[in-house]
Amino acid sequence: MKAKCAVNARTSLAPAIDWDAVHRDLAGLNLVTAPGQRKQLSKDFFWYSPILTAQLSGCVAELVVKVGTEDDVRQVCATAARWKLPLTVRAGGTGNYGQCVPLEGGLVMDVTQLCRVLDIGDGRMRVEAGARMHDIDLAARETGQALRMWPSTWHVASIGGFIAGGFGGIGSFRHGILRDPGNLLRARVMTVEREPRVIELADDEIQQVHHAYGTNGVILDVEVALSPAVDWVHCTVLFERYRAALDFGIAASTPDLDLFLLSTVEARFSPYYTAMGEHFPADRHAVFTMVAPASMEDFRALAAAHGGHIALAGTEAELLAAGLPPAYECAFNHTTLQALKMDRGWTYLQVAYAQPFDPAVVERHLEIFGDEVLQHQDFARAGGEAGTFGILLVRWTGEARQYELIREIESQGGCKIFNPHVVTIEDGGMKTIDTQQIEFKKRSDPMGLMNPGKTRGWTPDMATEG
């Protein structure tokens with residue numbers, strides 16, 4: 004029953020596991036043993052990358068455990084420590100980089116049933132880690148409040164997974180990225196030891212587990228900031244030239260406009276946006292936005308001044324009633340998903356541009372790469388400053404060519420690639436080892452059992468008996 008994984012198969016020197024005894028230690032919990040279910044619950048959206056697909060398709064947990072209470076989590080953590088079993092935590096499985104794929108087999112702990120809303124107050128909300136983000140936003144809206152940001156997959160994605168593996172998303176134009184002060188307030192984390200402990204983190208301490216890929220403790224529940232709810236107007240603005248769309252994006256990145264989302268998508272994406280119809284024709288480039296009603300007059304004037312035509316404007320409820328997607332399903336990595344639904348010959352790259360953003364860099368890439376690379380940019384804020392990021396659709400012609408493109412893009416205009424074709428935190432985007440996360444791992448996962456292979460900062464010699 005041992006997993007076969009191209010990345011990091013478990014050493015043959017590891018001691019044999021008495022799985023009957025493991026099952027006894029996990030008595031009373033919901034155990035998944037069927038091969039098909041184990042395989043399904045050992046995957047995420049790594050299939051966006053042909054490189055990761057080849058590496059990770061054979062990675063399967065020996066056992067999946069579904070938990071619904073904190074006591075369940077404690078039982079799993081203690082069992083993993085007792086038997087020195089690799090332990091990988093998952094929920095919705097919407098990550099793109101294999102964050103919840105068990106590279107060394109062992110246990111997968113599914114926390115999707117750990118999903119209660121624990122408390123809602125003024126400007127804050129405490130929820131269990133497995134709660135789906137769309138569900139908890141609906142709960143917040145019953146109090147006149149809303150989440151500050153979410154991924155485009157928020158109907159399935161969990162809040163714990165977003166914090167453990169995410170960076171920013173819809174709402175980052177207004178509220179910055181997850182790491183920015185005031186977005187994450189508190190977290191409770193369980194250690195993986197023979198006698199598991201709960202560690203409480205507040206404010207900047209949460210960075211110890213944020214974007215750590217679940218390598219250093221099991222997130223039990225989190226407290227996140229809320230903002231007053233807004234019934235955003237979802238707009239599609241069309242332009243004849245992509246440069247005009249980018250110039251409009253820069254001009255709209257002003258505190259004078261209250262926007263939640265701002266993304267530019269070039270015309271060659273149009274055939275993949277089948278639900279948009281005439282609202283995104285093949286001869287026009289699109290800007291997708293979410294605009295506060297109070298800013299609509301100024302937004303319309305700015306669009307007109309840049310030669311833009313507002314082809315669609317309505318609330319989310321109005322768009323859904325008309326069979327149209329909300330703006331957030333036309334931005335961020337949903338652009339890649341729309342294309343992959345129709346043509347699996349695409350993959351993608353993520354780019355951070357030097358600031359202030361120079362659209363000439365994108366124009367140069369349009370000229371250099373032609374039909375091999377389609378352009379899509381998201382405007383956001385990070386650290387209180389404007390930021391511009393690209394999620395580029397790339398025609399797949401092999402790993403060697405993919406890395407040629409990365410080198411070419413990074414050689415121009417201060418561009419930085421966040422590589423979506425690797426499994427470690429450091430190789431993807433962080434580029435350096437986060438020492439505070441590794442120090443926290445020594446406290447929370449002293450045996451080094453959690454999600455092994457996902458961080459280069461942990462080496463086997465660091466492991467101790469927990």
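For the sequence shown, our numbering begins at 4 and goes up steadily by one. Glycine included, every Cβ here is placed at the ideal spot set by N, Cα and C.
Tell me whether residue i sits in a helix, a strand or coil according to DSSP, three-state version.
i, result
"Q415", "coil"
"I180", "coil"
"Q102", "coil"
"T239", "strand"
"H137", "helix"
"P231", "strand"
"D464", "helix"
"R127", "strand"
"F443", "helix"
"W86", "helix"
"T146", "coil"
"E226", "strand"
"W421", "Strictly speaking, residue 421 in this sequence is Phe, with Trp absent from that position. Of the three classes helix, strand and coil, the one that applies to F421 here is strand, per DSSP."
"Q380", "strand"
"W153", "strand"
"S15", "In this predicted model, S15 has a pLDDT of only 39, less than 50, meaning its place in the structure is not dependable; the value taken from the coordinates is given anyway. Note: S15 maps to coil in three-state DSSP."
"K5", "Caution applies to K5, whose pLDDT of 42 falls short of 50 and renders its modelled position unreliable; the model cannot decide the point."
"R398", "strand"
"I313", "strand"
"Q116", "coil"
"V470", "Only positions 4 to 469 of the chain appear in this structure, which leaves residue 470 out of reach."
"T42", "Here the sequence assigns Lys to residue 42, which means Thr is not the residue at that position. Of the three classes helix, strand and coil, the one that applies to K42 here is helix, per DSSP."
"F392", "strand"
"T458", "coil"
"Y351", "strand"
"K434", "coil"
"T36", "coil"
"T318", "coil"
Assuming residue i and residue j form a contact by the criterion Cβ under 8 Å, report the distance between their Cβ atoms to the nearest whole angstrom.
i, j, result
"F443", "Q211", "4 Å"
"E226", "L188", "4 Å"
"G431", "P423", "7 Å"
"D224", "L121", "6 Å"
"V63", "R27", "In fact, because the Cβ distance is near 22 Å, the residues do not count as touching under 8 Å."
"V111", "S45", "6 Å"
"A295", "D261", "4 Å"
CB-CB under 6 Å to residue i, same chain, minus the five flanking residues each way: which ones, in chain order?
i, result
"S15", "Because the pLDDT of S15 is 39, which lies under 50, any placement of that residue in the model is unreliable, and the number read from its coordinates should be weighed accordingly. Contacts found: none."
"P329", "H237, E319, L322"
"A314", "T239, L241, H282"
"S266", "F291, A334, D381"
"L215", "Correcting the residue identity first, residue 215 is Ala in this sequence and not Leu. Excluding sequence neighbours, A215 sits near Q440."
"N33", "K69"
Leaving out five residues on either side along the sequence, give the residues of the same chain with a beta carbon under 8 Å from the beta carbon of residue i.
i, result
"W399", "P53, G348, W349, T350, Q405"
"I20", "E65, W86, L88"
"S161", "A94, G95, V114, T115, C118, A132, G133, A134, R135, M136"
For residue i, count neighbouring C-beta atoms within 10 Å of its own C-beta (all shown protein chains included) and say buried if the count is 16 or more, exposed if not.
i, result
"L452", "buried"
"M4", "Confidence at M4 is low in this model, with a pLDDT of 36, below 50, so its placement is unreliable and the value that follows should be read with caution. It counts as exposed."
"E196", "buried"
"T277", "exposed"
"V167", "Sequence check: residue 167 is Ala here, not Val. It counts as buried."
"A363", "exposed"
"S414", "exposed"
"V130", "buried"
Please list, in chain order, all residues of the same chain as residue i whose beta carbon is under 7 Å from its beta carbon, the five residues on each side excluded.
i, result
"E332", "S155"
"A285", "A270, S273, P274"
"F421", "Q353, A355, G431, G432"
Determine, for residue i, whether the minimum Cβ-Cβ distance to residues of chain D falls below 8 Å.
i, result
"I420", "Going by chain labels, chain D is absent from the structure shown, which holds only one protein chain."
Alpha helix (DSSP H) segments (min. 4 residues) lying fully within the stretch 242-307: 245-255
Segments of 3+ residues assigned as beta strand (DSSP E) that fall wholly inside the stretch 170-217: 187-193, 201-205
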